[in-house]
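Protein chains in written order, with the working numbering: chain X, 1 to 223; chain B, 1001 to 1223.
2 protein chains.
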Amino acid sequence: MRDRKAEILDAAARLIARQGYKQTSIDDVIKASGLCGKSHFYHHFKSKEELGKEVLNRSFERFGERGLAILREPLIDPIERLNLFIDSIVVAQAERGCVASSPFCGVAAEMADAGEGFRTRIDAVFDRWCDQIRSLLEQSDGRLRDGVDAARIARFIIATLEGAVLMTRVTREIKVMQGIAEDLKRFIAMQLRDDAFSGPRSPSTGGGQQERGSGALAGSSAT
Amino acid sequence: MRDRKAEILDAAARLIARQGYKQTSIDDVIKASGLCGKSHFYHHFKSKEELGKEVLNRSFERFGERGLAILREPLIDPIERLNLFIDSIVVAQAERGCVASSPFCGVAAEMADAGEGFRTRIDAVFDRWCDQIRSLLEQSDGRLRDGVDAARIARFIIATLEGAVLMTRVTREIKVMQGIAEDLKRFIAMQLRDDAFSGPRSPSTGGGQQERGSGALAGSSAT
DNA sequence: TGCGACTTAGACTGGTCGGTCCTATATTGC
DNA sequence: GCAATATAGGACCGACCAGTCTAAGTCGCA
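If you want it as structure tokens, here you go:
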């Protein structure tokens, strides 16, 4: 016996990511998860709102697992980890064809408006991400420029990534997001003291395209 | 007789900004604009979609007028103008109590999904904004660091502002957006060559008259 | 005086949606 | 064997929603 509830959650998460919470009907979820009738759905969830909350928890958690795993990877230079994290968001968005956005952007905004319960949940998750990034930046202590507020930079990073996801939803072109991600990495590098060793160079060779996967590995470039 | 159609558009724009396009029903619009029946609404608009498009045009235009007026102000240093523009977005969001977001962020994402017609419209508007910012950055020619791609930086600025608006919708705290805006200004300053004046300081004096003399202010790189 | 544009007013259609209720049949643990 | 739980299938309710339709009143203008 497979876990039907998990299947429902998976289907709902996919639908919500693609078309939003309010635009996803219970009937959609039932059809997509191969259920037979509403009673079965309501056997597992007491309401659509409960479904929404569980989807939120789940997808944020899953995203967190992947994203935070990168951020915590102990063997890689902290700043490089941040770059990899940014790349992972870009790749995830590219995989979604620039359309869906869970748990980023559209869904966050829409669900935040759909109820105070949703909003505080999303707020808390953003906080956790920011915290993780902040602590990463602080691990590179002594490399941050004087006066740079790590917590604020963390917010900035999350906000810019959110905005980048939004832009791809409007333009439907992943290269827009790639450009933003590159600039974001450059911004992060600029928060480091000049005498710090690593960091993607200041823009040197043409302003154009660069392969993703990693901006600049820790040992490679020093300018 | 006042212009009823304009009243309908105003009411609809307010509702859509607050609760989104799909969540705003025709009946809501009718009630908010003091109409009496649907026939009257359908006398002015052939469908909800047409209403949406006109609201989009209008609010983007209005926003454009304000924002672009700042960007074009010929008497102020280009970079300083950009800072003022950023401030104006922060102020606008603060005025809205961090909730609504027209024409930024949530509405753009939602409407972009609501139909290809909407999407291309929004895309075009973003393009125009980015273009304006790009040309502004290029006016400060000789001050930009080598290899800095003005068009890409423009996208980055818009994306970050979008993301910042989103963050305030989730956190409901304007100071988050203020922090992001400060960092964004700092980022812009960092795109300038070291020998150009730099400094992320907050601008203070508000702009005065908005002259429509768009280009032609070539002698830009004052200090 | 008559025409056409605008306004007020609301009933109605066909559809969707969240949610309830009811009836059955499997499966599982005790 | 029994009871709890899970699965299946669907009728139904009240609500809301986009859009249509009818009908009548106001106003400017030719």
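Glycine residues also receive a C-beta, built at the ideal position from the N, C-alpha and C atoms.
Exercise. For chain B, find out if any of its Cβ atoms is closer than 9 Å to the Cβ of Phe60(X); answer yes or no.
Key: no
Practice problem: May I have a chain-ordered list of the alpha helix (DSSP H) segments no shorter than 4 residues that lie completely inside the region 43-123 of chain X? | Solution: 48-72, 78-95, 106-114
Quiz prompt | Euclidean distance between Cα positions of Tyr1021(B) and Ala92(X) | solution = 27 Å
Self-check item: Backbone secondary structure at Leu161(X) - three-state DSSP
Solution: helix
Self-check item: Met1177(B) versus Arg1193(B) - alpha carbon distance
Solution: 27 Å
Quiz prompt | Host alpha helix (DSSP H) of Gly1179(B) (start-end) | solution = 1174-1190
Quiz item: Of the choices Asp1027(B), Gln1023(B), Leu1068(B), Thr1160(B), whose alpha-carbon is the least far from that of Val1107(B)?
Solution: Gln1023(B)
Exercise. Would you list the residues sitting across from Leu1035(B) in a DSSP beta bridge?
Key: Partner(s): none; Leu1035(B) has no beta bridge.
Quiz item: Around the Cβ of Lys1185(B), are there at least 16 other Cβ atoms within 10 angstroms (buried) or fewer (exposed)?
Solution: buried
Exercise. Starting from Leu9(X), follow the alpha helix (DSSP H) in both directions and report where the run begins and ends.
Key: 4-19
Exercise. Determine, using beta carbons only, whether Glu1110(B) comes closer than 9 Å to chain X.
Key: yes
Quiz item: In chain B, what lies closer than 8 Å to Glu162(X) by C-beta?
Solution: Glu1162, Gly1163, Leu1166, Met1167
Quiz item: Does the distance from the CB of Pro78(X) to the CB of Ser140(X) come in under 9 Å?
Solution: yes
Self-check item: Distance between Ile1180(B) and Ser1198(B) (C-alpha atoms, nearest Å)
Solution: Any reading at Ser1198(B) is ruled out, since the residue's pLDDT is 48, under 50, leaving its predicted position unreliable.
Practice problem: Could you pull out every residue in the same chain whose Cβ sits closer than 7 Å to the Cβ of Asp1028(B), ignoring the five residues on either side in sequence? | Solution: Leu1015
Self-check item: Whether Val165(X) touches Ile89(X) by CB criterion (9 Å)
Solution: yes
Quiz prompt | Ile133(X) to Ala151(X) span [Cα, whole Å] | solution = 8 Å
Self-check item: Nonlocal neighbours in the same chain, by C-beta distance under 7 Å from Val1055(B), ignoring five residues either side
Solution: Leu1009, Ala1012, Ala1013, Ile1016
Exercise. Keeping to the same chain, check which residues put their C-beta closer than 6 Å to that of Ala1114(B); ignore five residues upstream and five downstream.
Key: Tyr1021
Self-check item: Per-residue contacts from Ile1122(B) into chain X (C-beta, under 7 Å)
Solution: Val170
Exercise. Would you please verify whether the beta carbon of Gly1020(B) is less than 9 Å from any beta carbon of chain X?
Key: yes
Self-check item: Pairwise C-alpha distance: Leu1161(B) and Asn959(B)
Solution: Residue coverage of chain B in this structure runs from 1001 to 1223, which leaves residue 959(B) outside it and unanswerable.
Exercise. Just confirm the distance between the C-beta atoms of Ile158(X) and Phe126(X), as a whole number of angstroms; I'd bet it's less than 8 Å.
Key: 6 Å
Quiz prompt | Residues near Gly1037(B) in its chain [Cβ-Cβ closer than 8 Å; skip 5 each side] | solution = Ile1030
Quiz item: If we cut at 9 Å on Cβ distances, does Ala11(X) have a partner in chain B?
Solution: no
Quiz item: DSSP puts Ile166(X) in a beta bridge; with which residues?
Solution: Position check: residue 166(X) holds Leu in this sequence, whereas Ile was assumed. Bridge partners of Leu166(X): none, in fact.
Self-check item: Residue of Arg1155(B), Gly1117(B), Gly1147(B), Leu1082(B) minimising C-alpha distance to Glu1182(B)
Solution: Leu1082(B)
Quiz item: According to the neighbour-count rule (16 or more other Cβ atoms, all chains shown, within 10 Å of its Cβ), is Gly52(X) buried or exposed?
Solution: buried
Quiz item: Can the beta-carbon of Asn1190(B) be found less than 9 Å from the beta-carbon of Arg155(X)?
Solution: Note that residue 1190(B) is Met in the sequence shown, not Asn. Not a contact, by the Cβ cut-off of 9 Å.
Quiz item: Along chain X, in chain order, which residues have C-beta atoms closer than 8 Å to that of Ala1094(B)?
Solution: Chain X residues near Ala1094(B): none, gap ~16 Å exceeds 8 Å.
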